[in-house]
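Working notes, structure below.
There are 2 protein chains.
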Amino acid sequence: MQARIMDILKKNQLSVTESRKKILELFQDNPGALAHHDIELKTGEKFDRVTIYRTLQTFVEKGILHTIPSADNSIRYALCKDECTEGHHHDNHVHFICDKCETTYCLEAITVPEVKLPKGFVPNQIEVVVNGKCRNCVK
Amino acid sequence: MQARIMDILKKNQLSVTESRKKILELFQDNPGALAHHDIELKTGEKFDRVTIYRTLQTFVEKGILHTIPSADNSIRYALCKDECTEGHHHDNHVHFICDKCETTYCLEAITVPEVKLPKGFVPNQIEVVVNGKCRNCVK
DNA sequence: AAACATTTTGCAACTTTGTTGCATTGATTT
DNA sequence: AAATCAATGCAACAAAGTTGCAAAATGTTT
């Protein structure tokens with residue numbers, strides 16, 4: 084596990100630091116996506132707020148994490164699959180946010196459907212975010 | 084035009100005030116969606132920031148506006164179609180955000196496609212947000 | 001049309017979130 | 001192990017969002 088974290092960092096030419104290791108570890112251990120605030124909580128007082136901002140930012144730039152849009156002004160981050168490289172994200176899967184437990188899932192198996200656009204509109208990226216009850220919260 | 088604004092407010096049992104009229108007018112005159120910040124700019128110094136927050140909030144609650152998720156931490160708001168009522172939004176259309184001019188379109192004609200979810204996940208709402216170049220920015 | 005009751009507004013004060021510059025610390029290379 | 005380069009933490013700030021409350025505007029009743 085630790086080995087893979089080192090690999091990811093080295094593959095992306097990032098120096099291996101405490102904060103980067105810890106934050107990556109959080110994402111690997113967590114099933115869903117995490118917002119900045121979640122990370123602050125889960126790391127305790129260990130790292131400066133600024134460090135977390137900058138770490139998340141470089142991870143997104145390097146293609147290690149991708150962002151998930153939301154309607155509540157709190158961007159969530161999740162691990163990219165291996166194909167993502169610097170500047171080129173390929174996370175064309177559907178995201179699911181549970182209304183009850185707030186967990187955010189990357190449904191890797193579900194790819195985003197085709198969307199026909201009106202004339203003149205050229206798509207670049209398509210985001211599909213589904214809200215509802217997740218498998219743990221349905222009864 | 085003014086008449087329709089009054090109608091919308093009265094239909095929703097909201098008292099007709101300067102700020103509500105003005106903000107609704109903004110949305111009617113604007114082709115795309117607006118973020119809180121846009122509204123602050125377009126209304127000048129006319130209304131308090133707090134008033135704008137509260138107005139947007141009640142409009143969303145009443146089903147007059149709906150929110151559009153984004154990956155840049157700035158929720159956009161757009162007019163709902165008539166079918167939306169308090170607590171029940173039916174804006175199942177696709178949203179398009181232009182990478183260049185930042186305009187956000189509600190593509191009313193394009194309904195969100197079916198999305199198959201894994202077992203145990205029960206969908207409530209599906210948001211489809213497309214990024215790319217809009218018809219004015221493609222050359 | 002005036003007086004009452006009820007909302008809504010604006011202000012102040014505050015919390016949270018995000019950004020920038022810079023000295024210090026820590027990681028990598030030779 | 002020393003030199004080089006990058007990352008961190010601190011401070012100070014800017015922007016975004018929230019809450020309580022008195023004053024003002026709206027709607028309602030007489």
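Residue numbers (the numbering used here), protein chains in the order written: chain B, 84 to 222; chain W, 84 to 222. C-beta: ideal position from N, C-alpha, C; glycine also. In this text, all values refer to a predicted model and were calculated from it rather than measured experimentally.
**Asked** From G215/W to N207/B, what does the alpha carbon distance come to, in whole angstroms?
**Response** 4 Å
**Beta carbon of R159/B nearer than 8 Å to that of A116/B** = yes
**Asked** Is it true that the region 95-108 of chain B meets the region 139-146 of chain B, where meeting means three or more beta-carbon pairs spaced less than 8 Å apart?
**Response** yes
**Asked** Of all the options S153/W, D182/W, C217/W, which has the alpha carbon lying nearest to the alpha carbon of V211/W?
**Response** S153/W
**Straight-line Cα distance separating M89/W from E128/B** = 52 Å
**Assigned secondary structure, Q208/B (DSSP; H/G/I helix, E/B strand, else coil)** = In the three-state DSSP reduction, Q208/B falls in the strand class (E or B).
**Asked** Contact check, V213/W vs V198/B under 8 Å by CB: the rounded distance?
**Response** Rounded, the Cβ-Cβ distance is 6 Å, consistent with contact.
**Message:** Could you tell me the alpha carbon to alpha carbon distance between T187/B and P114/W, rounded to whole angstroms?
**Reply:** Cα to Cα, T187/B sits roughly 32 Å from P114/W.
**Request:** Buried or exposed for L200/B, please, with buried defined as at least 16 other CB atoms from any protein chain shown within 10 angstroms of its CB.
**Result:** buried
**Item:** Cβ shell of I209/B (< 8 Å), same chain only, five flanking positions each side left out
**Value:** Closer than 8 Å at Cβ, skipping near neighbours: N175, V195, V198.
**Asked** Which term fits C184/W, buried or exposed, when burial requires 16 or more other beta carbons within 10 angstroms of its beta carbon?
**Response** Counting the other Cβ atoms within 10 Å of the Cβ of C184/W gives fewer than 16, which makes it exposed.
**Request:** Indicate the three-state DSSP secondary structure (helix, strand or coil) for T100/W in the structure shown.
**Result:** coil
**Item:** H149/W classed as buried or exposed, judged by whether at least 16 other C-beta atoms fall within 10 angstroms
**Value:** buried
**Request:** Closer than 9 Å by beta-carbon distance: list the chain B residues that pair up with P114/W, in chain order.
**Result:** Under the 9 Å cutoff, chain B gives no residues; its nearest Cβ is about 13 Å from P114/W.
**Prompt:** Near F130/W, which residues of its chain fall below 6 Å by C-beta distance, leaving aside the five closest residues on each side in sequence?
**Reply:** S102
**Asked** So what's T53/W in DSSP terms, helix, strand or just coil?
**Response** The question about residue 53/W has no answer, for chain W in this structure spans 84 to 222.
**Message:** I need the DSSP call for F179/W, collapsed to helix, strand or coil.
**Reply:** strand
**Request:** Kindly indicate if chain B contains any beta-carbon less than 8 Å away from that of T126/W.
**Result:** Using beta-carbon distances, T126/W does not count as an interface residue toward chain B, since no partner is under 8 Å.
**Message:** So with CB distances below 9 Å, who are the chain B contacts of C217/W?
**Reply:** G203, F204, V205
**Prompt:** Below 8 Å between beta carbons: does that hold for F204/B and C217/W?
**Reply:** yes
**Item:** chain B within 8 Å of A118/W, Cβ atoms only
**Value:** no
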